[in-house]
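Notes follow once the structure below has been shown.
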Amino acid sequence: MNRIEKNRRNIDKDLQGIDKRKFFSPANYGDLKVTLPILKKYCTGICLDVGCGDMPYKKYILKVVDQYDTLDFKAHVPDIKYVGDVQDMNCIKNDTYDTVVSFEVLEHVNNPFVAVSEIKRVLKSNGIFILTVPHLSRLHDMPHDYYRYTKFGLKSLLNQNGFKVLEILPRGGLFSFLGHQFSNIFLSIFWHIPIIKDIAFFINKWFCVLLSYFLDKHLDKNKLFALGYTVVAKL
Numbered sequence: 484m485n486r487i488e489k490n491r492r493n494i495d496k497d498l499q500g501i502d503k504r505k506f507f508s509p510a511n512y513g514d515l516k517v518t519l520p521i522l523k524k525y526c527t528g529i530c531l532d533v534g535c536g537d538m539p540y541k542k543y544i545l546k547v548v549d550q551y552d553t554l555d556f557k558a559h560v561p562d563i564k565y566v567g568d569v570q571d572m573n574c575i576k577n578d579t580y581d582t583v584v585s586f587e588v589l590e591h592v593n594n595p596f597v598a599v600s601e602i603k604r605v606l607k608s609n610g611i612f613i614l615t616v617p618h619l620s621r622l623h624d625m626p627h628d629y630y631r632y633t634k635f636g637l638k639s640l641l642n643q644n645g646f647k648v649l650e651i652l653p654r655g656g657l658f659s660f661l662g663h664q665f666s667n668i669f670l671s672i673f674w675h676i677p678i679i680k681d682i683a684f685f686i687n688k689w690f691c692v693l694l695s696y697f698l699d700k701h702l703d704k705n706k707l708f709a710l711g712y713t714v715v716a717k718l
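Going by this note's numbering, the first residue of the sequence shown is number 484, and it counts up by one from there.
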C-alpha cells in the first residue's frame, strides 16, 4: 500500500462521524446540508439503519427516535444488531419498524427491487423510508458497485413497491463531484504530516468544500448534475 492509500484510510479512521467528516469534501458537506433536516423531520419511533456502515447519522437519529437498530453484511463495527443482507432480512419480522434509513447503500445492491421489497416488509403501515443514493460518482467499493440513480428511476423503483414518494431532494452537483476528487487526493498527500495536515484541511474547507457548494447552488439551479439524491417515501 502506498502512502496516499494509507493516508486515505487513516482519514476515514480519524474523521469518524458526520460532524468531523462534513468538511472533508463538498460531497460530504452537501449531503449533511440536505439529509440532516430530513432526518429531524421524518425519523420517528423504532428505526432500522440498513447497510449502516459506521453509522454516521446515529447521534442525530437517536435524538428523534425511540429505538435505533442496525443491519449490515458484516459486523465491522461494534453494536451492529443484525448481520445480514438487505435483500433477505429473514432475521427481522414483518411490520417491525416505523422508519427505515439507508445511506448510500442501494448502489451496492445487485437487485434493488428485492431490497426495497424487503424494506417494505419490515416497515409498519404508514412507515417512512429515507434513503440517499448517488447520481454522479466514480467507481468505489468494487466489485460491488452496480447502479447510479436518477430521480425518475427512484420514483419508479419506490412506486412499484407500493411507496408514495414525499420528497426527492438533489444534493451537490458537478463542482462537488470534481471537488470531491480533489479533496481525496489533496488531503491524502499531507495527512501523515502533523500541523501540515491541519493547514491542508483548512485550505480544503474554504477553497474546495465551501466554494464548490456555493458554485453548485448558484450555477446549476436545475440540478442536471446532481451528485446524488435524498429521498423520503411512505407506505
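Backbone N, C-alpha and C define an ideal beta-carbon position, used for all residues, glycine too.
Note that the structure is a prediction, hence the values are computed from the model and not measured.
Identity of the residue in the options nearest residue i by Cα
{"i": "Lys-505", "options": "Leu-519, Leu-702 and Arg-492", "result": "Leu-519"}
{"i": "Val-583", "options": "Leu-554, Gly-567 and Asn-573", "result": "Leu-554"}
{"i": "Lys-442", "options": "Arg-654, Arg-492 and Pro-595", "result": "No answer is possible for residue 442: the residues shown for the chain start at 484 and end at 718."}
{"i": "Val-714", "options": "Lys-496, Lys-634, Phe-690 and Val-605", "result": "Lys-634"}
{"i": "Lys-523", "options": "Gly-513, Ile-544, Asn-485 and Leu-531", "result": "Ile-544"}
{"i": "Ile-487", "options": "Phe-665, Ile-575, Pro-561 and Met-572", "result": "Phe-665"}
{"i": "Asn-642", "options": "Asp-681, Arg-621, Arg-631 and Phe-596", "result": "Phe-596"}
{"i": "Phe-586", "options": "Val-533, Asn-705 and Arg-631", "result": "Val-533"}
{"i": "Ser-639", "options": "Pro-677, His-623, Val-599 and Phe-685", "result": "Val-599"}
{"i": "His-627", "options": "Lys-542, Glu-590 and Gly-528", "result": "Glu-590"}
{"i": "Lys-576", "options": "Lys-496, Leu-702, Leu-652 and Leu-531", "result": "Leu-531"}
{"i": "Ile-651", "options": "Ala-709, Lys-557 and Arg-492", "result": "Ala-709"}
{"i": "Val-616", "options": "Asp-571, Cys-691, Tyr-712 and Tyr-551", "result": "Tyr-712"}
{"i": "Asp-514", "options": "Leu-614, Leu-498 and Asn-490", "result": "Leu-614"}
{"i": "Asp-497", "options": "Cys-691, Asp-681 and Leu-707", "result": "Asp-681"}
{"i": "Pro-539", "options": "Asn-705, Asp-549, Tyr-551 and Asp-502", "result": "Asp-502"}
{"i": "Lys-489", "options": "Thr-527, Ile-521 and Ile-668", "result": "Ile-668"}
{"i": "Tyr-525", "options": "Asp-568, Gly-636 and Val-648", "result": "Val-648"}
{"i": "Val-612", "options": "Ala-716, Arg-491 and Arg-492", "result": "The question names Val, yet the displayed sequence has Phe at residue 612. Among Ala-716, Arg-491 and Arg-492, the Cα nearest to that of Phe-612 is on Ala-716."}
Contacting residues, own chain, Cβ-Cβ under 7 Å from residue i (five flanking each side not counted)
{"i": "Val-695", "result": "Val is not the amino acid found at residue 695; the sequence shown has Ser there. Here the set comprises Pro-509, Phe-658, Ser-659 and Gly-662."}
{"i": "Cys-535", "result": "Thr-553, Leu-554, Asp-555 and Ile-563"}
{"i": "Met-625", "result": "none"}
{"i": "Leu-718", "result": "Lys-603, Leu-606, Ser-608, Asn-609, Gly-610, Gly-645 and Phe-646"}
{"i": "Asn-511", "result": "Arg-504 and Lys-505"}
{"i": "Asp-703", "result": "Gly-656 and Leu-657"}
{"i": "Lys-688", "result": "Phe-506"}
{"i": "Gln-570", "result": "Val-592, Asn-594, Val-597, Ala-598 and Glu-601"}
Sheet register partners of residue i (DSSP bridge)
{"i": "Thr-579", "result": "Thr-579 is not bridged to any residue."}
{"i": "Lys-717", "result": "Ile-611 and Lys-647"}
{"i": "Asp-568", "result": "Asp-571"}
{"i": "Gly-711", "result": "Pro-617 and Arg-654"}
{"i": "Phe-586", "result": "Thr-615"}
Sequence-distant residues of its chain with Cβ nearer than 8 Å to residue i (five each side left out)
{"i": "Ile-494", "result": "Phe-507, Leu-670, Ser-671 and Trp-674"}
{"i": "Ile-679", "result": "Phe-673"}
{"i": "Gln-499", "result": "Asp-537"}
{"i": "Ala-558", "result": "Val-566"}
{"i": "Asn-705", "result": "none"}
Residue i, enclosing beta strand (DSSP E) - first and last residue
{"i": "Asp-428", "result": "A query on residue 428 cannot be resolved here, the shown segment of the chain reaching from 484 to 718 and no further."}
Endpoints, the alpha helix (DSSP H) within which residue i is located
{"i": "Phe-685", "result": "679-687"}
{"i": "Phe-697", "result": "693-702"}
{"i": "Lys-503", "result": "501-504"}
Neighbourhood of residue i by C-beta, 6 Å cutoff - its chain only, sequence neighbours within 5 removed
{"i": "Lys-516", "result": "none"}
At 3 residues or longer, and completely inside the stretch 591-670: list those beta strand (DSSP E) runs for me, N to C.
606-617 and 647-654
Restricting to runs no shorter than 3 residues, where is the beta strand (DSSP E) found entirely within the stretch 513-545?
529-533
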